[in-house]
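Residue numbers (the working numbering), protein chains in the order written: chain V, 1 to 271; chain B, 272 to 561. Ideal Cβ placement from N, Cα and C applies to all residues, glycine included. Note sheet for the following structure.
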């Protein structure tokens with residue numbers, strides 16, 4: 001994996017906010033992540049793409065502290081947080097919108113936001129500001145979270161993460177189970193969120209959506225990095241190959257079939 | 272008129288049963304821990320009260336001022352150590368661990384305090400006296416006091432859970448402890464707080480039973496735990512008002528059973544308990560599980 005097309009010209013001013021190096025995570029016997037590294041610089045929107053089971057959510061959950069890595073290190077804001085408990089990471093400024101929303105279902109909309117704000121850092125986000133951003137929310141504040149539609153729940157989940165005033169927002173599969181129109185609307189909020197100085201690391205199965213919003217992207221396949229770069233620097237073919245694993249499969253086919261037919265498949269990965 | 276008297280006695284006794292059930296219901300609702308040592312811990316609280324009264328000569332009715340904090344600390348510590356360790360290994364393990372705790376406590380009490388039963392405030396005038404309404408209805412002051420305490424504790428707890436910041440965190444953690452962690456909430460600490468509250472109510476239950484009847488090392492499992500379970504099941508899990516209702520129904524059923532035949536008292540309570548399990552397994556007040 002050392003022939004990856006890396007991109008030297010990041011819009012960075014030196015130190016990354018999040019520095020993940022050689023992260024390996026096991027789920028029991030299964031190696032969910034295999035030496036994955038990434039650097040996210042302040043103000044970026046970093047997208048992790050990949051198919052089902054590629055290890056995207058595992059990566060995000062490990063960064064949030066919900067999984068323990070078997071190897072590798074996670075540095076946040078210049079400090080090693082690899083062994084720090086998830087609630088302490090939240091206090092240091094990592095907030096996550098988990099896959100499937102995971103609202104507190106027996107609590108009201110407002111109570112969900114209040115829990116998010118309980119151990120909040122200082123910053124621009126308040127419950128009132130979330131109500132301003134999502135116009136419908138204020139008048140439904142005393143409804144139970146379980147009674148909301150999927151898109152509304154997603155908005156509350158984002159609000160719950162924002163009121164903690166994080167430095168970095170982890171978004172896990174925002175589009176999952178939502179209508180395209182709703183997905184558009186939710187991603188449409190991203191500029192407003194970024195304007196307050198947040199850095200975003202998101203996981204998305206919907207590649208075109210990810211390419212639209214990302215300033216940097218990485219593709220995972222079966223726990224390994226298969227592509228990394230800026231959306232403007234990678235071609236659709238490269239993304240497709242990295243996403244479906246055609247490049248790697250191509251190598252293997254090539255190796256096995258070298259004697260049978262020459263040059264049948266060439267790597268479609270850029271160099 | 273005899274029936275009216277029985278029903279009043281039943282309702283008031285139900286307050287005691289609701290007090291038994293409160294901590295059990297809370298521990299299950301928040302941590303999903305079925306605490307099989309619940310009754311034994313109430314007995315421990317009662318024995319602590321006996322000791323505290325012997326040493327400090329504090330009036331029996333005020334012994335809770337010392338016993339409740341002791342039990343609250345014990346609850347927090349037990350939750351953060353033994354019960355949390357069991358929870359980390361799976362919910363079923365907590366059943367085995369609390370069962371083990373129950374056996375250890377019971378035998379420890381037998382070893383150090385013998386099988387003799389002891390009461391709290393046996394010669395206290397207030398505890399043994401009662402007042403009459405008309406010629407048929409006799410109400411012991413103690414039972415009225417216990418009922419009042421039960422109502423205050425259960426409604427107060429319900430208010431605390433629905434209105435206060437910590438109550439909100441307790442409900443959030445009960446819903447989804449991982450999501451709570453992502454919000455910066457240390458769920459183990461919140462569990463500890465919930466256990467401390469549960470153990471405080473256990474302390475009140477132990478003291479109340481010690482005054483109402485007699486405490487022996489086996490009282491915890493053969494009376495308090497069983498009645499607590501029955502009240503929780505009848506009322507519906509996770510609802511504190513339901514717990515109060517469950518306790519009252521159990522109390523009334525027992526008194527009516529006793530009226531039919533003295534030996535049917537306990538049996539009548541369990542028949543109601545079984546009937547509720549058959550007809551409305553989610554309890555009288557709880558909504559049906561999704």
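- Residue 321 of chain B sits in a helix when the DSSP states are folded into three classes.
- At the C-beta level, residue 540 of chain B and residue 525 of chain B come within 9 Å of one another.
- Closer than 9 Å to the CB of residue 351 of chain B there is not a single CB belonging to chain V.
- Bounds of the alpha helix (DSSP H) holding residue 243 of chain V are 236-244.
- The beta carbons of residue 447 of chain B and residue 134 of chain V sit about 21 Å from each other, so the pair does not count as a contact at 8 Å.
- The segment 480-493 of chain B makes no contact with the segment 459-466 of chain B; the number of CB pairs closer than 8 Å stays below 3.
- Close CB contacts of residue 287 of chain B within its chain, under the 8 Å cut and outside five residues either way in sequence, are with 414, 417, 418, 421, 476, 479, 480, 483, 518 and 522 (chain order).
- Exclusion of the five residues before and after residue 487 of chain B leaves 388 as the residues of its chain whose Cβ lies within less than 6 Å of its Cβ.
- Think of a sphere of 7 Å around the beta carbon of residue 96 of chain V: the chain B residues whose beta carbon falls inside it are 453, in chain order.
- About 14 Å separates the beta carbons of residue 94 of chain V and residue 203 of chain V, which is beyond the 8 Å limit, so they are not a contact pair.
- The C-alpha of residue 27 of chain V is placed about 11 Å away from the C-alpha of residue 55 of chain V.
- For the 9 Å CB-CB criterion, residue 116 of chain V and residue 86 of chain V do not form a contact.
- Under the Cβ criterion (8 Å, minimum of three pairs), the segment 278-294 of chain B counts as touching the segment 463-474 of chain B.
- Proximity of the segment 190-203 of chain V to the segment 161-180 of chain V meets the contact definition, three or more beta-carbon pairs being nearer than 8 Å.
- Within the same chain, and ignoring the five residues on either side of residue 450 of chain B in sequence, the residues whose Cβ sits closer than 8 Å to its Cβ are 443.
- Scanning the segment 340-408 of chain B for uninterrupted alpha helix (DSSP H) segments of 4 residues or longer gives 355-359, 362-384 and 396-399, listed from N- to C-terminal end.
- Contact of residue 112 of chain V with chain B is assigned, a C-beta pair being separated by under 9 Å.
- For residue 288 of chain B, the enclosing alpha helix (DSSP H) stretches over residues 273-302.
- Bounds of the beta strand (DSSP E) holding residue 21 of chain V are 18-27.
- A distance below 9 Å separates the beta carbons of residue 512 of chain B and residue 425 of chain B.
- Within the segment 47-120 of chain V, the alpha helix (DSSP H) runs of at least 4 residues that lie entirely inside it are, in chain order, 56-64, 86-92 and 109-118.
- Put simply, the backbone Cα of residue 157 of chain V is about 35 Å away from that of residue 344 of chain B.
- Under the three-state reduction of DSSP, residue 441 of chain B is assigned to helix.
- Under the DSSP definition of a beta bridge, residue 36 of chain V partners with V/23.
- Proximity of chain V to residue 443 of chain B at the Cβ level (cut-off 7 Å) is accounted for by 104, 107 and 115, in chain order.
- Annotated three-state conformation of residue 512 of chain B is helix, per DSSP.
- The beta-carbon of residue 32 of chain V is placed no less than 9 Å from the nearest beta-carbon of chain B.
- One alpha carbon belongs to residue 39 of chain V, the other to residue 206 of chain V, and they sit about 22 Å apart.
- At the C-beta level, residue 465 of chain B and residue 441 of chain B come within 9 Å of one another.
- Between the C-alpha atoms of residue 329 of chain B and residue 323 of chain B there is a straight-line separation of about 8 Å.
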